[in-house]
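**Q** Pasting in a structure now, in structure tokens, and then I'll have a few things to ask.
In structure tokens, the structure reads:
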């Protein structure tokens, strides 16, 4: 990776995060909802207390319901391996930017991020460690799609010149960075689209394209399939690889604690509570697994 590209990526990440921080300072701090609670009932103190952080794509109550069984299970299994009580608490951020900053600063001990958020957090704190990667049928990659209305006449990405495009979140791996990189490869950029918007969630992107509000949009393949099953008139124009989500630890987490966490996640793939979080369990991961995303983020800077 060339030094000027690295500096450019770092600058983009910092600019985004500084902008979001200013928005919060201007009175939007209420957007960030934080929930903190113990996941080990009846335990007044623990020798090891960890805070798990994530950003909520759904309602905070739904996020708690999703993670609590797994985190309780993880704490129990880690306690057995370490021979001392482990207490895991949860801290939920409303936005990507707050979740990234919390892990980078050590406000949370470990977290589950999307790939682009991993690249962003390592720009802020290069010492953040990968604990494990989620598995998709034993693999580290899965598909994103660029979808169009099922009755459209588009045959290639190049055909989207002069038309409108719906992206997801501004820090979304599929919904922004990878999609923009592939559009650029096809000669499509912001300058030759009729317009584009960031809609946030993947389902909102698909619904907007199906309703004819945008000519094309980027979303997860799994979300695309769910929408088609519900009758949303979409078809795939182009598909591309993405990398599965990493679980990350702040460097302040002791090596033996991080190792115990990793051992549990890699060994317990068949437990029902693990499958609720990652259907096919977890795999060992390295920074190199995310070079695909890092390259796309650099490339998308010229979109």
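Residue numbers (our numbering): 325 to 627. Every residue gets a Cβ at the ideal spot worked out from N, C-alpha and C, and that includes glycine.
#1: Tell me whether residue 541 sits in a helix, a strand or coil according to DSSP, three-state version.
#2: Can you name, in chain order, every residue of its own chain whose Cβ lies under 7 Å from the Cβ of residue 614, other than the five neighbours on each side?
#3: Mapping the DSSP letters down to three states, classify residue 460 as helix, strand or coil.
#4: In terms of residue numbering, what span does the alpha helix (DSSP H) encompassing residue 513 cover?
#5: Closest by CA to residue 385, which one among 416, 394, 412, 407?
#6: Counting only runs of 4+ residues fully inside the segment 441–499, write out the alpha helix (DSSP H) ranges in chain order.
#7: Per DSSP, what are the beta-bridge partners of residue 436 in this structure?
#8: Just list the residues that DSSP pairs residue 563 with in beta bridges.
#9: Give the single residue among 507, 449, 469, 477 whose Cα lies nearest to the Cα of residue 625.
#10: How big is the Cα-Cα spacing for residue 372 and residue 523?
#11: Using the beta-carbon count (16 or more within 10 Å), is residue 541 buried or exposed?
#12: Express the C-alpha separation of residue 583 and residue 409 in angstroms, rounding to a whole number.
#13: Could you say which of 475, 477, 512 lies nearest to residue 489 if we only look at CA atoms?
#14: Taking 8 Å as the threshold, find out whether the segment 423–432 comes into contact with the segment 568–579 through three or more Cβ pairs.
#15: Go to residue 418, then tell me how far its alpha helix (DSSP H) extends in each direction, as first and last residue.
#16: If we count the other Cβ atoms within 10 Å of its Cβ and call it buried at 16 or more, is residue 422 buried or exposed?
#17: What residues in its chain sit with their C-beta under 6 Å from that of residue 375, if we drop five residues either side in the sequence?
#18: Using alpha carbons as the reference points, say which of 388, 526, 459, 379 lies closest to residue 603.
#19: Any chance the segment 527–543 sits against the segment 447–466, with 3 or more Cβ pairs inside 8 Å?
#20: Have a look at residue 606 and residue 476 and give me their C-alpha separation to the nearest angstrom.
#21: So what does DSSP say about residue 579, is it helix, strand or coil?
#22: Here's the rule: buried if 16 or more other CB atoms are within 10 angstroms of the residue's CB, otherwise exposed. What is residue 610?
#23: Pick helix, strand or coil for residue 343, following the three-state DSSP scheme.
#24: Tell me whether the beta-carbon of residue 503 lies closer than 8 Å to the beta-carbon of residue 480.
#25: Between residue 482 and residue 559, which are expected to be in contact by the criterion C-beta below 8 Å, what is the C-beta distance as a whole number of angstroms?
#26: Alpha carbon to alpha carbon, how far is residue 446 from residue 457? Give it in angstroms, no decimals.
**A** In this structure, then:
#1: Here DSSP, grouped into helix, strand and coil, assigns residue 541 to strand.
#2: Result list for residue 614: 439, 442, 443, 567, in chain order.
#3: Residue 460 falls in the strand class under three-state DSSP.
#4: Run containing residue 513: none; DSSP gives neither H nor E here.
#5: Distance check between residue 385 and each of 416, 394, 412, 407 places 416 closest, using alpha-carbon atoms only.
#6: Not a single unbroken stretch of the alpha helix (DSSP H) spanning 4 or more residues falls wholly within the segment 441–499.
#7: Residue pairing by DSSP places residue 436 opposite 571 in a beta bridge.
#8: Note: residue 563 is bridge-paired with 469 in the DSSP secondary-structure output.
#9: Residue 625 has its Cα closest to that of 507, out of 507, 449, 469, 477.
#10: If I take the Cα positions, the gap works out to 40 Å.
#11: Buried: at least 16 other Cβ atoms inside 10 Å.
#12: Residue 409 and residue 583: Cα-Cα distance of roughly 16 Å.
#13: Measuring from the Cα of residue 489, the nearest candidate turns out to be 512.
#14: Judged by pairs of C-beta atoms under 8 Å, the segment 423–432 touches the segment 568–579, as three or more such pairs exist.
#15: Where residue 418 is concerned, there is no enclosing alpha helix (DSSP H), given that its DSSP letter is neither H nor E.
#16: With 16 or more other Cβ atoms within 10 Å, it is buried.
#17: Closer than 6 Å at the Cβ level, and outside the excluded window around residue 375, lie 413, 415, 432, 433.
#18: Considering only alpha carbons, the answer is 459.
#19: Too few Cβ pairs lie closer than 8 Å, so no.
#20: Distance between the alpha carbons of residue 606 and residue 476 is about 39 Å.
#21: The answer is helix: DSSP assigns residue 579 an H, G or I state.
#22: Classification for residue 610: exposed.
#23: Because residue 343 carries a pLDDT of 45, less than 50, the predicted location of this residue cannot be relied on, and the following value inherits that uncertainty. DSSP places residue 343 within a helical segment (H, G or I) once states are collapsed to three.
#24: Taking 8 Å as the Cβ cut-off, residue 503 and residue 480 do not qualify as a contacting pair.
#25: The Cβ separation is near 17 Å, so there is no contact.
#26: A direct Cα-Cα distance of roughly 16 Å separates residue 457 from residue 446.
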